[in-house]
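In the working numbering, the protein residues as written are 4 to 575.
Backbone N, C-alpha and C define an ideal beta-carbon position, used for all residues, glycine too.
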């Protein structure tokens, strides 16, 4: 790392601000001559490489396009979460349908955005300009702030001397110590020990950065932006909007007198990876590289389960899960009108890259299980998603729940079922188009926790009733005699043979609590092959970037991508 200038008299640091044209500036007040402490300012480098964070599904605040009223504004504290849960729990399905219409909603950029008083790299006004207000604050703002600190501060007390306690931040200092075998250092922070812990958590030891590579990190300014998107619409549309946002951000810096800018780095969470990959597939020329976090590359079976049973709750004492279920959708009557005609959520269904046979019909007798049927055998769209409860008892969507408000038939002059299948076609086309494509310079991580954060790797309909082999063909195509909206159905094979089925609520695979291991691992199979993929334990899906080792892997990935940047230009 290049040495920073030190002013031993500077004890009062001024926050970096920007004027309306994007030029950096600092504000201070005059003080008497006998007031000895001076102000410290740290100017950013002249070449900017914006880091744009793309959130996951439901991570962007959305509002009604005309009325500007909140359609989706997740709570940002336990108290507001309780209030939101109570409010959503009494909301009618027809109200949810109207609020979750991808054609009548838009990104709300005016969400809460609070910057700590001791945060010197940007102000609340600047954070708002960079799109932070569009993202769910509790889920992402800590991550955005951490990226800003790690990439642009790099030191514990920038501009101060080592004697004053200044040292490289741990996530930066460990980059040169990966793979070292010498004993731990006497000084603190112990970067060798930190590097060893990171490598153990990653289950791999990537190449350490050289001194020259570390020096290059000092050459650029990394303003952290956020790109929220309407997650109800197809990720293809969101990818197109991300490309426009990239152009706007680059132009913003390039138009300034102070900065030069030609490329960005994308950092994604969950479904944001779909958005970024779609954008890169359309035009990767201005994207230096992408870092993906917990991307459900092959989809997640839990999406099917929610259409039949609502949001999963792990038992009576799962208070947080119950609150989430009330907010997202307690049962199929809540979920179906909100999401069945929204391509974005449908694009999270398992695609053809997911292992076959994840939907199971199981007979459980005497402590033993017998799998009667597994789907898909080939095409999940034709074999599973196109099937409704009008076709067979295990069909994914109940057509009677799609349009409780009656707006589809009145406004679009089509049946609710046709609206659902149109959205499904958009989702299938997106999966076909994106496939396993990746940006040529891709990094990422996914969860493999098989203890604390188990995931639905499959979905099972269980019955304790006896099913003979002679009855199996009839069972598979039968319609239900009765069903509810929380995952139960009765199937009559004949007048005397009624089978009771229930969707299993057991998570059967490692992952991150949401994305199954087998889906996250497909990240390693993207083409071109990623530069490096990390797999880790110890985090849940929503808060993965708050995990120390996930963030350290992200900083490492960004540091390696920076090496691909063109050398800095002379000042304008």
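Burial state of residue i, where buried means 16 or more other Cβ atoms lie within 10 Å
i, result
"residue 555", "buried"
"residue 204", "buried"
"residue 305", "buried"
"residue 180", "buried"
"residue 313", "buried"
"residue 538", "buried"
"residue 485", "exposed"
"residue 574", "exposed"
"residue 272", "buried"
"residue 253", "buried"
"residue 23", "exposed"
"residue 406", "buried"
"residue 577", "Because the chain here runs from 4 to 575, residue 577 falls outside it and cannot be looked at."
"residue 221", "exposed"
"residue 174", "buried"
"residue 218", "exposed"
"residue 240", "buried"
"residue 532", "exposed"
"residue 63", "buried"
"residue 168", "exposed"
Where the beta strand (DSSP E) through residue i begins and ends
i, result
"residue 43", "41–43"
"residue 563", "Per DSSP, residue 563 belongs to no beta strand (DSSP E); it is in the alpha helix (DSSP H), 551–565."
"residue 191", "That residue, residue 191, is in no beta strand (DSSP E); it is neither H nor E in DSSP."
"residue 362", "362–368"
"residue 338", "Element bounds for residue 338: not the beta strand (DSSP E) but the alpha helix (DSSP H), 335–342."
"residue 97", "Run containing residue 97: none in the beta strand (DSSP E); it sits in the alpha helix (DSSP H), 96–102."
"residue 66", "65–67"
"residue 291", "290–296"
"residue 227", "227–229"
"residue 76", "Where residue 76 is concerned, there is no enclosing beta strand (DSSP E), given that its DSSP letter is neither H nor E."
Rounded distance between the beta-carbons of residue j and residue i, thought under 8 Å
i, j, result
"residue 337", "residue 96", "6 Å"
"residue 266", "residue 293", "So it is not a contact: roughly 12 Å between Cβ atoms."
"residue 446", "residue 523", "14 Å between Cβ atoms; not a contact."
"residue 507", "residue 465", "5 Å"
"residue 268", "residue 57", "The pair is not a contact, with the Cβ atoms about 11 Å apart (cut-off 8 Å)."
"residue 122", "residue 148", "7 Å"
"residue 110", "residue 232", "6 Å"
"residue 278", "residue 242", "5 Å"
"residue 159", "residue 172", "6 Å"
"residue 310", "residue 335", "6 Å"
"residue 434", "residue 287", "Wrong, their Cβ atoms sit about 20 Å apart, outside the cutoff."
"residue 504", "residue 308", "That pair is no contact at about 13 Å."
"residue 549", "residue 145", "6 Å"
"residue 17", "residue 27", "That pair is no contact at about 11 Å."
"residue 354", "residue 302", "5 Å"
Enclosing alpha helix (DSSP H) for residue i [first to last residue]
i, result
"residue 280", "275–285"
"residue 255", "238–257"
"residue 433", "419–437"
"residue 390", "Segment: none, residue 390 is in no alpha helix (DSSP H) and carries neither H nor E."
"residue 215", "214–220"
"residue 372", "Counting along the chain, residue 372 falls outside any alpha helix (DSSP H), though it belongs to the beta strand (DSSP E) covering 371–378."
"residue 578", "Residue 578 is absent from the structure shown; the chain starts at 4 and stops at 575."
"residue 176", "173–176"
"residue 131", "127–132"
"residue 384", "It is not in any alpha helix (DSSP H) - residue 384 carries neither H nor E in the DSSP assignment."
"residue 521", "520–523"
Three-state secondary structure (DSSP) of residue i
i, result
"residue 271", "strand"
"residue 411", "helix"
"residue 400", "strand"
"residue 55", "strand"
"residue 324", "Residue confidence for residue 324 is low, a pLDDT of 43 falling below 50, so the modelled location carries little weight; the figure read from the coordinates is stated next. Three-state result, residue 324: helix."
"residue 110", "strand"
"residue 167", "helix"
"residue 538", "strand"
"residue 17", "coil"
"residue 181", "coil"
"residue 532", "coil"
"residue 348", "helix"
"residue 34", "coil"
"residue 357", "coil"
"residue 232", "coil"
"residue 307", "helix"
"residue 548", "helix"
is_contact[residue i, chain D] using C-beta, thresh 9 Å
i, result
"residue 552", "No chain D appears in the structure shown, which is made up of a single protein chain."
Segments assigned alpha helix (DSSP H), at least 4 residues, entirely inside the segment 442–518: Every alpha helix (DSSP H) stretch that sits fully inside the segment 442–518 and reaches 4 residues is listed by chain position as 475–480.
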